[in-house]
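Numbering (this note's numbering), first residue to last: 71 to 254.
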């Protein structure tokens with residue numbers, strides 16, 4: 071069986087998939103994308119009834135779903151620098167609106183609906199810090215529907231670890247007491 075994998079799946083994406091699903095195959099550090107494609111294709115033809123349970127790939131539960139996932143465009147594909155710059159610019163524009171005391175006439179916007187439309191567009195890129203800041207500041211105003219950024223599972227775990235580390239550091243207290251040394 072010749073499996074066609076969409077070109078947006080990178081070599082590192084395929085390696086991550088092998089590790090997290092876990093697919094019963096061995097790969098070498100030097101394996102290229104085509105080598106990984108052939109190995110995955112061979113596993114799929116050999117094992118028709120594999121089932122998976124993964125936090126990173128919750129949409130893939132069996133071989134059929136894996137085939138469909140690989141044939142379609144990668145939902146986790148990386149943004150181009152142009153897309154990222156556009157999203158950051160929109161985030162800054164929303165933050166500026168928030169800094170101007172939530173007044174449309176003092177911001178770069180002409181009406182409130184534009185702000186909501188921009189925020190709904192950028193919130194799907196919640197892994198970016200500027201998007202999270204824009205959503206947080208927008209949500210501080212009263213009387214609006216709260217729009218939360220959409221975070222990937224990996225980013226949620228990283229932020230949770232960071233919060234836990236901060237809370238641990240805030241619980242540590244240092245006492246400074248005088249020390250008396252005696253020499254006999």
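For each residue, glycine too, the CB sits at the ideal point set by N, CA and C.
For clarity, every value in this text was computed on a predicted model and none was experimentally measured.
N-terminal and C-terminal residue of the alpha helix (DSSP H) that residue i is part of
| i | result |
| --- | --- |
| residue 199 | 199-210 |
| residue 153 | 151-169 |
| residue 191 | 182-192 |
Which listed residue (the options) has its alpha carbon closest to that of residue i
| i | options | result |
| --- | --- | --- |
| residue 80 | 252, 166, 143 | 143 |
| residue 211 | 170, 198, 181 | 170 |
| residue 136 | 148, 254, 149, 121 | 121 |
| residue 128 | 248, 186, 224 | 224 |
| residue 229 | 148, 241, 248, 202 | 202 |
Backbone CA spacing between residue i and residue j [nearest angstrom]
| i | j | result |
| --- | --- | --- |
| residue 123 | residue 113 | 17 Å |
| residue 252 | residue 246 | 19 Å |
| residue 214 | residue 243 | 40 Å |
| residue 200 | residue 116 | 46 Å |
| residue 173 | residue 125 | 42 Å |
| residue 83 | residue 93 | 13 Å |
| residue 111 | residue 77 | 15 Å |
| residue 85 | residue 248 | 57 Å |
| residue 147 | residue 186 | 25 Å |
| residue 88 | residue 241 | 40 Å |
| residue 195 | residue 119 | 35 Å |
| residue 153 | residue 132 | 33 Å |
| residue 105 | residue 130 | 22 Å |
| residue 175 | residue 181 | 8 Å |
| residue 232 | residue 226 | 10 Å |
CB of residue i within 8 Å of CB of residue j, strictly
| i | j | result |
| --- | --- | --- |
| residue 158 | residue 188 | no |
| residue 167 | residue 177 | yes |
| residue 208 | residue 217 | yes |
| residue 75 | residue 107 | yes |
| residue 95 | residue 109 | yes |
| residue 73 | residue 140 | yes |
Contact with chain D by residue i, beta-carbon distance below 8 Å
| i | result |
| --- | --- |
| residue 198 | The structure shown contains no chain D; it is built from a single protein chain. |
**Report entry** Any beta strand (DSSP E) of 3 or more consecutive residues that is wholly inside the stretch 75-161
**Finding:** none
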